[in-house]
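In the working numbering, the protein residues as written are 18 to 630. Cβ atoms here follow ideal geometry from the backbone N, Cα and C, with glycine treated the same way. Since the structure comes first, as structure tokens, the remarks are kept for the end.
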């Protein structure tokens, strides 16, 4: 038996994952425990949770693996400085002390952190390192239901690789080709994230959500001046427009002149120009990903595709690939960003380092268990925790909970839903969710402004019963992790008037577009989560009862948090968020809390509690 602990840390979205004899036992991001979004610190809390879930002490772990190789990263820093010297001296001078004090000697830092959890031990002998893109590729292929597949990893940068293609077969990953820093699709998208006024490594999904409000007016300019894309999808970025190699920001004055002005300041009013910039970089990203996947499919003959890396969280581009029909099946790692690197590193050790045989599930399900890999809380503990927090609640049986919650949702109430094991990855998938009626034309704006305290333009996702998917959306494939965007079916859409079609930008927001306007974006698209009885029977039962009441097999599903806050983890987190927002009711386990029954003195001023993302 081999027990393997995977760790990702020190950049963003630190996480830990535990694999025992090839089975994924537990995985969680550090942010969920510390309540600091995208927490980059050593994931001590996530490690303790994984050990507790497995009933193990740290000393009982056979191998501990870090998701990248620090020396190769340092090599890139040095070589980049030498290539751009003396222009890059400012950023080099800033980065070097950090590298010398921490990152270059990361092995010693890791050993010290492990000793703080597990005491003195042979940590040096147990510690292994995988390469960054190897971790991503392993996280994509090994949990997938495929015996053989093309594996495409796209992100900002690992050690050197920014895009890599592998063939996964059995317990092996064969690297076919790579693109290297500074030519990076992830960094290109992040440059426009920065330029449109959002946080890098946090706000990319906002750019994706903003894109449908604009027109891709700058796409040709980007392709002509910024990025040279070949027919096979390989590309090079013109570094004279960027500052990430030599400075402390993503873009420079030449970039700003090309696109008509300085970067938007955070919280500054969004204009049509910003929406057009978002539409343009999304269109360019779609085109690059499509060229890459078309050429790799033709070159390898592979009919199955696995995706990982931060760019694989771009569900619009994923949806374009799925819609092309290039592949028979696509599987995307739900924690596709750096958090998933912890899991991929552990799986790489099990299959590639230890050479263990790989057996895929006979029912063609993946090994992620719906991504429900985080902490769960027994009913008695939930009741104790809520009582200690001052909550007033009623305890129902499961049938009564489903019935009551479904009726509340059908009546237009917003419901906090905290059930079972917490999700691994950036998406709430029906374990730590806020739920609502998708038929309401006002629900998107209401949830954004009164519950989430976030920008009004941001869309919400439909959680739809898998068996009813094709009746509502132009998709007939599993999308359990909310990583595919697909159009709403024509016969579910509402025809727009001439005046409505003439609207621009955010003015489009309040125009109902379909039978489920709260989950239909302005371009008639939706970011779909298919809900399966096998992986989340309670959530499936809730939507099924809502369907029987309303005829609609869909719920609005958004993450249980406010803007800038990590998704809730504990019952106390859920209660605090409930008391700091306008959520109408909260279900934690079989405990049901109604807003009007709570002590008004426990109301929280929650809006400004977290740093804006």
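Residue 194 burial status per 10 Å Cβ neighbour count (16 or more: buried)
Numbered from its first residue, the chain shown carries residue 194 at position 177. That one is exposed.
My output table needs one value for residue 292: the three-state DSSP class, helix, strand or coil.
Within the chain shown, the letter at position 275 stands for residue 292. Of the three classes helix, strand and coil, the one that applies to residue 292 here is helix, per DSSP.
Give the list of continuous beta strand (DSSP E) stretches no shorter than 3 residues that lie fully inside the stretch 335 to 400.
Within the stretch 335 to 400, the complete beta strand (DSSP E) runs of at least 3 residues are 346 to 349.
Quick one: what's got a C-beta closer than 6 Å to residue 22's C-beta in the same chain, skipping five residues either side?
Translated into the one-based positions of the chain shown, residue 22 becomes position 5. Taken in chain order, the residues that qualify are 35, 78, 81.
Going residue by residue through the stretch 561 to 594, where are the continuous beta strand (DSSP E) segments of at least 3 residues, counting only ones entirely within it?
571 to 576
Quick check: the stretch 396 to 414 against the stretch 355 to 366, are there 3 or more CB pairs under 8 Å?
The answer is no - the stretch 355 to 366 does not touch the stretch 396 to 414, with fewer than three Cβ pairs under 8 Å.
Assess, as a yes-or-no matter, whether the stretch 535 to 554 is touched by the stretch 436 to 451 under the definition of 3 or more beta carbon pairs within less than 8 Å.
Contact holds: three or more Cβ-Cβ distances are below 8 Å.
Using beta-carbon positions only, say whether residue 459 and residue 536 come within less than 8 Å of one another.
As a first step, residue 459 is located in the chain shown; it is residue number 442 there, counting from the start. As a first step, residue 536 is located in the chain shown; it is residue number 519 there, counting from the start. Contact: no.
By Cβ distance, which residues of its chain are closer than 8 Å to residue 259, with the 5 residues on each side in sequence left out?
Working through the chain shown from its first residue, we reach residue 259 at position 242. Closer than 8 Å at the Cβ level, and outside the excluded window around residue 259, lie 199, 204, 208, 267, 268, 269, 272.
Mapping DSSP to helix, strand and coil, what is residue 489?
Within the chain shown, numbered from 1, the residue matching residue 489 stands at position 472. Of the three classes helix, strand and coil, the one that applies to residue 489 here is coil, per DSSP.
May I ask which residues mark the beginning and end of the beta strand (DSSP E) holding residue 179?
Along the chain shown, one-based indexing puts residue 179 at 162. Here the beta strand (DSSP E) through residue 179 covers 178 to 186.
Starting from the Cα of residue 603, find the closest Cα among 574, 451, 526 and give me that residue.
Locating residue 603 in the chain shown gives position 586, where the first residue counts as 1. If we check each option's Cα against that of residue 603, 451 comes out closest.
Just how far apart, CA to CA, sit residue 359 and residue 27?
Reading the chain shown from its first residue, position 342 is the one you call residue 359. Reading the chain shown from its first residue, position 10 is the one you call residue 27. So the two alpha carbons sit approximately 12 Å from each other.
Could you tell me the distance, in whole angstroms, from the CA atom of residue 472 to the CA atom of residue 311?
Position 455 of the chain shown, counting from 1, holds the residue named residue 472. Position 294 of the chain shown, counting from 1, holds the residue named residue 311. Distance between the alpha carbons of residue 472 and residue 311 is about 35 Å.
Using a Cβ-Cβ cut-off of 7 Å (strictly less than) and excluding sequence neighbours within five positions of residue 75, which residues of its own chain qualify?
As a working note, residue 75 is residue 58 in the chain shown. Leaving aside the five residues that flank residue 75 on each side, the residues in its chain whose CB is nearer than 7 Å to its CB run, in chain order, 68, 131, 134, 135.
Run of the beta strand (DSSP E) containing residue 50, from where it starts to where it stops
Numbered from its first residue, the chain shown carries residue 50 at position 33. That residue, residue 50, is in no beta strand (DSSP E); its alpha helix (DSSP H) goes 48 to 51.
Between 607, 500, 243, 324, which has its C-alpha nearest residue 301's C-alpha?
Counted from its first residue, the chain shown places residue 301 at position 284. When each option's Cα is compared against that of residue 301, the closest is 243.
Short Cβ contact (8 Å threshold) for residue 160 with residue 353
Counted from its first residue, the chain shown places residue 160 at position 143. Counted from its first residue, the chain shown places residue 353 at position 336. Not closer than 8 Å, so no.
I believe residue 373 touches residue 184 by the beta-carbon criterion, under 8 Å. Please report the beta-carbon distance rounded to the nearest angstrom.
Counted from its first residue, the chain shown places residue 373 at position 356. Counted from its first residue, the chain shown places residue 184 at position 167. In fact, because the Cβ distance is near 19 Å, the residues do not count as touching under 8 Å.
Using CA atoms only, rank isn't needed, just tell me which of 280, 313, 241 is closest to residue 249.
In the chain shown, residue 249 corresponds to position 232, counting from 1. The shortest Cα separation from residue 249 among 280, 313, 241 belongs to 313.
Euclidean distance between Cα positions of residue 245 and residue 257:
Looking up residue 245 in the chain shown gives position 228. Looking up residue 257 in the chain shown gives position 240. Taking the straight line from one Cα to the other gives about 13 Å.
Apply the 10 Å Cβ neighbour rule to residue 288 and answer buried if 16 or more other Cβ atoms are within range, or exposed otherwise.
For the purposes of this step, residue 288 is taken as residue 271 along the chain shown, with counting starting at 1. When all chains shown are included, residue 288 counts as exposed.
Near residue 44, which residues of its chain fall below 6 Å by C-beta distance, leaving aside the five closest residues on each side in sequence?
The residue you call residue 44 lines up with position 27 of the chain shown. So the qualifying residues of the chain are 34, 360, 390, 441.
When you compare the CB positions of residue 455 and residue 573, do they come within less than 8 Å of one another, or not?
Locating residue 455 in the chain shown gives position 438, counting from the first residue. Locating residue 573 in the chain shown gives position 556, counting from the first residue. Going by C-beta atoms, residue 455 is nearer than 8 Å to residue 573.
Please confirm whether residue 236 and residue 295 have their CB atoms less than 8 Å apart.
For this step, residue 236 is matched to residue 219 along the chain shown. For this step, residue 295 is matched to residue 278 along the chain shown. Not in contact: residue 236 and residue 295 (Cβ atoms no closer than 8 Å).
DSSP state of residue 610, grouped into three classes?
Numbered from 1 along the chain shown, position 593 holds the residue referred to as residue 610. Strand.
Alpha carbon to alpha carbon, how far is residue 543 from residue 493?
For the purposes of this step, residue 543 is taken as the residue at position 526 of the chain shown. For the purposes of this step, residue 493 is taken as the residue at position 476 of the chain shown. Computed Cα separation, rounded: 14 Å.
In whole angstroms, what separates the C-alpha of residue 627 from that of residue 469?
Sequence index remark: in the chain shown, residue 627 carries index 610 (1-based). Sequence index remark: in the chain shown, residue 469 carries index 452 (1-based). CA-CA distance, residue 627 to residue 469, rounds to 12 Å.
Where residue 317 falls: helix, strand or coil (DSSP)
Here residue 317 is taken as the residue at index 300 of the chain shown, counted from 1. It is helical.
Cα separation between residue 400 and residue 326?
Counting from one through the chain shown, the residue named residue 400 turns up at place 383. Counting from one through the chain shown, the residue named residue 326 turns up at place 309. Whole-angstrom Cα-Cα distance: 39 Å.
Environment of residue 616 [buried if 16+ CB atoms lie within 10 Å]:
For the purposes of this step, residue 616 is taken as the residue at position 599 of the chain shown. Answer is exposed; the Cβ neighbour count stays below 16.
Rounded Cβ spacing between residue 323 and residue 166 (contact assumed at less than 8 Å)
Here residue 323 refers to the residue found at position 306 when the chain shown is read from its first residue. Here residue 166 refers to the residue found at position 149 when the chain shown is read from its first residue. Right, their Cβ atoms sit about 5 Å apart.
Along the chain, where does the beta strand (DSSP E) that runs through residue 481 open and close?
Within the chain shown, the letter at position 464 stands for residue 481. 478 to 482 is the extent of the beta strand (DSSP E) around residue 481.
Alpha-carbon to alpha-carbon, residue 393 and residue 605
If you number the chain shown from 1, residue 605 lands on position 588. If you number the chain shown from 1, residue 393 lands on position 376. If I take the Cα positions, the gap works out to 11 Å.
Contact set for residue 138: own chain, Cβ-Cβ below 6 Å, skip 5 residues either direction
The sequence position of residue 138 within the chain shown is 121, counting from 1. Excluding positions up to five away in sequence, the list reads 76.
Taking the alpha carbon of residue 46 as the reference point, which residue from 567, 388, 72 has its own alpha carbon closest?
Translated into the one-based positions of the chain shown, residue 46 becomes position 29. Per the Cα distances, 388.
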